[in-house]
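Reviewing the structure listed below.
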Amino acid sequence: MPSNSEVPDPTDWVGTPLSSLSSLESALQCHVCKELFTTPMITSCSHTFCSLCIRRCLSQDGRCPACRSGDQESKLRRNWAMEECVNVYEKQREHLLKIARSIAEGTKSKEMDDRALEGRPSKRRRIQQPNGPKVVSELPTRSTRSKSRMALQTTQESERQPSVEDSEDAGSQYSDEDLVSMTENPLPEPADGLVACPMCGSRMKEEEVFPHLDQCSGELRSSTPQKDSPANRKQSTSVAYSVQSPSKARQRLGALNYSLLTETALRKKLAEIGIPSHGPKALMQRRHMEWMNLWNASCDSSHPHTKRELLRELEIWERTQGRQIANAQGPAGVMAKDFDVEGWTRSNKDDFADLIRKARKKAHKRGPSELKHEGSEREAARKLDSLEPVADPHRSSNGVVDLTSPAKPPLEQQQHSQGSQINSVAA
Amino acid sequence: MASDVASKRLWHEYRLLYSHPPEGILAYPIDEAKPFVWEAFIDGPKDTPFEGGVFPAILDFPKDYPLSPPKMKFLGDIFHPNVYPNGEVCISILHPPGDDPNHYESASERWSPIQSIEKILISVMSMLAEPNDESPANVEAAKMWRDNRAQFEDKVKDGIWKSLGLEVKK
Numbered sequence: 001m002p003s004n005s006e007v008p009d010p011t012d013w014v015g016t017p018l019s020s021l022s023s024l025e026s027a028l029q030c031h032v033c034k035e036l037f038t039t040p041m042i043t044s045c046s047h048t049f050c051s052l053c054i055r056r057c058l059s060q061d062g063r064c065p066a067c068r069s070g071d072q073e074s075k076l077r078r079n080w081a082m083e084e085c086v087n088v089y090e091k092q093r094e095h096l097l098k099i100a101r102s103i104a105e106g107t108k109s110k111e112m113d114d115r116a117l118e119g120r121p122s123k124r125r126r127i128q129q130p131n132g133p134k135v136v137s138e139l140p141t142r143s144t145r146s147k148s149r150m151a152l153q154t155t156q157e158s159e160r161q162p163s164v165e166d167s168e169d170a171g172s173q174y175s176d177e178d179l180v181s182m183t184e185n186p187l188p189e190p191a192d193g194l195v196a197c198p199m200c201g202s203r204m205k206e207e208e209v210f211p212h213l214d215q216c217s218g219e220l221r222s223s224t225p226q227k228d229s230p231a232n233r234k235q236s237t238s239v240a241y242s243v244q245s246p247s248k249a250r251q252r253l254g255a256l257n258y259s260l261l262t263e264t265a266l267r268k269k270l271a272e273i274g275i276p277s278h279g280p281k282a283l284m285q286r287r288h289m290e291w292m293n294l295w296n297a298s299c300d301s302s303h304p305h306t307k308r309e310l311l312r313e314l315e316i317w318e319r320t321q322g323r324q325i326a327n328a329q330g331p332a333g334v335m336a337k338d339f340d341v342e343g344w345t346r347s348n349k350d351d352f353a354d355l356i357r358k359a360r361k362k363a364h365k366r367g368p369s370e371l372k373h374e375g376s377e378r379e380a381a382r383k384l385d386s387l388e389p390v391a392d393p394h395r396s397s398n399g400v401v402d403l404t405s406p407a408k409p410p411l412e413q414q415q416h417s418q419g420s421q422i423n424s425v426a427a
Numbered sequence: 001m002a003s004d005v006a007s008k009r010l011w012h013e014y015r016l017l018y019s020h021p022p023e024g025i026l027a028y029p030i031d032e033a034k035p036f037v038w039e040a041f042i043d044g045p046k047d048t049p050f051e052g053g054v055f056p057a058i059l060d061f062p063k064d065y066p067l068s069p070p071k072m073k074f075l076g077d078i079f080h081p082n083v084y085p086n087g088e089v090c091i092s093i094l095h096p097p098g099d100d101p102n103h104y105e106s107a108s109e110r111w112s113p114i115q116s117i118e119k120i121l122i123s124v125m126s127m128l129a130e131p132n133d134e135s136p137a138n139v140e141a142a143k144m145w146r147d148n149r150a151q152f153e154d155k156v157k158d159g160i161w162k163s164l165g166l167e168v169k170k
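Protein chains in written order, with the UniProt record's numbering: chain A, 1 to 427; chain B, 1 to 170.
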């Protein structure tokens, strides 16, 4: 059994009396991530997806996932109406689910009671009567009704009338008490043994109701939700038609033409944006794409993420997908897709073994000279280190100070400055 | 639970398949902590030589699911024109729209992020019932299916009996 119930899912409604809400929730879901729409965007073919989902799809193959017609990210438009539906639904969901589940449990336990009642009729009925007055058949209800009427005549008739009416209806029209609570009182009554005043809705002991009614002004108390008060209505003005201030909108990132950029130029670009710039070109390309999607989706959102949050999301991507791309790099970059690496290795095993043997022999022969060679390499590295301060001013003059990326080997930094020169020439 | 997109989506699909399992199909992650490897069981469709068989398979999901499709591999021996002898399933819904190695599939039949595990398994089930001999993965099976249907059916049935651990009846 899928045990994680924290993630909201349409199947939560299955088995409750509101199971039809399952299809409503499915309709409010993005078909790519199977979650409620986050920042829904509509494509030029009129399909709606989460901003991030559709951006990822389009950056992969430039087609709408639903109808496969070609589309571009720049043609995506906000679907405010859908966003509002989702927001409203999301707010009510937990509450509705609680009600639906409590009803489901109620009917289940009642069914069990009924079954037990059939089994051992006499004993069960005796237990049932004192604590379940509403469930009993019509006859006792009538007797209570007449009683309440007598009581009514002795006290203030006019004021109490409506509330009595209510309870009568509950007894006679609906045999199912759950239905009553559904239709008339969507909020479950707190089980505090108190009674709500029919005028103002404040809760008090039953015997206090009549004296209270004499002075009750009829104003609704704050404990009950004031759904239609003008103040509230103002608060919930629709997102769809409220004015969005374009001034605070962040600049969206434009796509790069990766094939025109050299590896070093791309590396510099990533550093400029402030995202990790390590790894081979293919990885950087994918990372930039993902960052662009995350960033632009956040620009679409009415509650944009901070850059730090986005960087964290990029880190998750790096851990799951980025690593895979980095690993897949080696042979896949050079060889054809269906190249049989294992078969090739097997058939040429002897040649490889021969080459290895020869190489080892050579290495043995010039054993002592190798040490010297290593020493000269170190010397070269020291020379490069001394070059570093020369490379740095160049970078700061460009206005790019890279604080996020880890210290790079000096050789790479040289390449950096070269790359920037190439760039400026291209520009 | 991991917070990445793929695991979340797989989780939702698991919930749906658990509460509304399609007829003759069972699928679930082998280990709930590792949502990227699933086990599936497909019943042989009725009125086909595969009837009565239950075919276990492994579904292997890429980390960028649902942008890329999973790979599906039958675990037992299954003699079918569209199943490679090593068990790998060759069906258009499992091919990404970008590359079409066989140049015969229309893009609409191929993988898209809005497809789902359920749709894959249903497609595979109907593939069992109606082999596609245009691009056979198992040439021998495709030839036999086209030229000698009775022999093909016998061979399939033998395989099913064997997989159930029963004597092959002659």
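Glycine included, every Cβ here is placed at the ideal spot set by N, Cα and C.
Element boundaries [alpha helix (DSSP H), containing residue i]
i, result
"Y84 of chain B", "Note, Y84 of chain B: premise wrong, no alpha helix (DSSP H); not H, not E."
"W11 of chain B", "V5 to S19"
"T264 of chain A", "E263 to I273"
"V348 of chain A", "Residue identity check: residue 348 of chain A is Asn in the sequence provided, not Val. Note, N348 of chain A: premise wrong, no alpha helix (DSSP H); not H, not E."
"C299 of chain A", "K281 to D300"
"Q215 of chain A", "V209 to Q215"
"W317 of chain A", "K307 to W317"
Rounded C-alpha distance that separates residue i from residue j
i, j, result
"M292 of chain A", "L253 of chain A", "6 Å"
"H305 of chain A", "L294 of chain A", "9 Å"
"N148 of chain B", "E134 of chain B", "17 Å"
"R267 of chain A", "G274 of chain A", "11 Å"
"E39 of chain B", "W317 of chain A", "26 Å"
"L261 of chain A", "I325 of chain A", "19 Å"
"G165 of chain B", "F152 of chain B", "20 Å"
"A66 of chain A", "E140 of chain B", "36 Å"
"K46 of chain B", "Y65 of chain B", "32 Å"
"I160 of chain B", "H95 of chain A", "51 Å"
"W13 of chain A", "K108 of chain A", "15 Å"
"G15 of chain A", "P8 of chain A", "15 Å"
"Y28 of chain B", "Y18 of chain B", "8 Å"
"A33 of chain B", "K143 of chain B", "43 Å"
"L18 of chain A", "A100 of chain A", "6 Å"
"Q72 of chain A", "T345 of chain A", "44 Å"
"S69 of chain A", "P69 of chain B", "19 Å"
"S20 of chain A", "E313 of chain A", "35 Å"
"V88 of chain A", "S26 of chain A", "15 Å"
"T43 of chain A", "S59 of chain A", "14 Å"
"F352 of chain A", "A363 of chain A", "17 Å"
"A150 of chain B", "L59 of chain B", "31 Å"
"V83 of chain B", "Q115 of chain B", "21 Å"
"E342 of chain A", "P85 of chain B", "18 Å"
"P81 of chain B", "V37 of chain B", "25 Å"
Candidates the options, of which the one nearest residue i by Cα
i, options, result
"L283 of chain A", "A:T320, A:N348, A:V14 and A:A297", "A:T320"
"G87 of chain B", "B:L94, B:P96, B:L75 and B:I93", "B:L75"
"F37 of chain A", "A:S44, A:L24 and A:C45", "A:L24"
"C30 of chain A", "B:V124, B:W111 and B:V5", "B:V5"
"I42 of chain B", "B:D60, B:P21 and B:K155", "B:P21"
"S123 of chain B", "B:A142, B:P49 and B:I25", "B:I25"
"A271 of chain A", "A:R287, A:L28 and A:N257", "A:R287"
"K63 of chain B", "B:L10, B:D31, B:E23 and B:I91", "B:L10"
"K71 of chain B", "B:L94, B:R110 and B:A33", "B:L94"
"P35 of chain B", "B:R15, B:D154, B:C90 and B:E51", "B:R15"
"S163 of chain B", "B:P131, B:V54, B:N138 and B:H80", "B:V54"
"C33 of chain A", "A:S301, A:L21 and A:R56", "A:R56"
"N132 of chain B", "B:S92, B:Q115, B:P56 and B:D31", "B:S92"
"E61 of chain A", "B:P56, B:D60 and B:L67", "The sequence given here has Asp at residue 61 of chain A, not Glu. Of the candidates B:P56, B:D60 and B:L67, the one whose C-alpha sits nearest the C-alpha of D61 of chain A is B:L67."
"R77 of chain A", "A:S22, A:C299, A:E206 and A:F210", "A:C299"
Beta strand (DSSP E) segment containing residue i, residue limits
i, result
"M72 of chain B", "K71 to F74"
"D31 of chain B", "I25 to D31"
"V54 of chain B", "V54 to D60"
"P35 of chain B", "K34 to D43"
Which residues DSSP lists as bridging residue i, in chain order
i, result
"P8 of chain A", "According to DSSP, P8 of chain A bridges with nothing at all."
"M204 of chain A", "A:V195"
Curious, which full-length beta strand (DSSP E) runs of at least 3 residues does the segment 24 to 108 of chain A contain? 40 to 42 and 48 to 50
Can you give, in chain order, each stretch of the alpha helix (DSSP H) that sits fully within the segment 115 to 160 of chain B and has at least 4 residues? Listed in chain order, the alpha helix (DSSP H) runs fully inside the segment 115 to 160 of chain B are 117 to 129 and 139 to 147, counting runs of at least 4 residues.
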